[in-house]
Each structure stands twice: as C-alpha cells, then as structure tokens.
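762 is the number of the first residue of the sequence shown in my numbering; add one for each residue after it.
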Amino acid sequence: MAMFCRRWPRVLAGSAAALVTTGVVLYAYGGMWVRTPTMRASYAAMVARGEQPPLPARFVVPIPGCVCHSDDPVLQAQHSRRRIRECSSCH
C-alpha cells in the first residue's frame, strides 16, 4: 500500500501529460472526415471533368465524429483538408 501511495502522483501526472499532448497534436493536425464515400467520389468526378481543382495533399489526422455537415461535396472536400485550429475562420 505504501508503494502505491508514492507512485500514484507520477501516474496521475503522466496521464495528464499524455492527455494534454494528445489534445495539442489533435488541435494542430486533427481535421474533419468527408461524411460519405459518395461525397468523396462525387468530388473526384468533378476533378476528373475539370470542374474543380484537385486539392493539395496535406497531413490531417481525421477525428471520428468531426464532419462537415454541408451537403455540398466541394465544401466537404475542402473542409477535409482543414485542421481544427483553422475552423474558427468558418464558425
């Protein structure tokens, strides 16, 4: 019991540090998912027809549940390249 009492502050501090680090990484690199494969395919078809420009490659970690709620495939595709820290420009 005495060993546990000396170790729990370190375990708690380590857990808090891991949680904060995860939050910082997701804020810096986390982004939205395209809601459905149909939306992604629709945008790809527009690019193939030359109606829309291809989106530049960008490192974004998709966060489950973070989606663009628009029904516009162009807007969804564009927002899938944004990071959480850039969402305040729209919202």
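We treat Cβ as the ideally placed atom computed from N, Cα and C, and that holds for glycine.
Note that the coordinates shown come from a computational prediction; the quantities given were computed from them, not determined experimentally.
Query: Is ARG842 a contact residue of the ligand SAH, with contact defined as CB to any heavy atom under 8 Å?; Result: Summarising the ligand content, the structure contains no ligands, and the ligand SAH is consequently not present.
Query: So VAL821 and PRO815 are supposed to be a Cβ contact under 8 Å. How far apart are they, rounded?; Result: So it is not a contact: roughly 16 Å between Cβ atoms.
Query: If you follow the beta strand (DSSP E) that PRO858 is in, where does it begin and where does it stop?; Result: Because the chain is modelled from 762 through 852, residue 858 falls outside the range shown and cannot be assessed.
Query: Residues bridged to ARG740 by DSSP?; Result: Absent from the model: residue 740. The displayed extent of the chain is 762 to 852, so no value can be given.
Query: Count the C-beta pairs between the segment 772-791 and the segment 830-843 that are closer than 8 Å, then say yes if the count reaches three, no if not.; Result: no
Query: Note down the Cα distance separating TYR804 from VAL786, rounded to an integer number of angstroms.; Result: 28 Å
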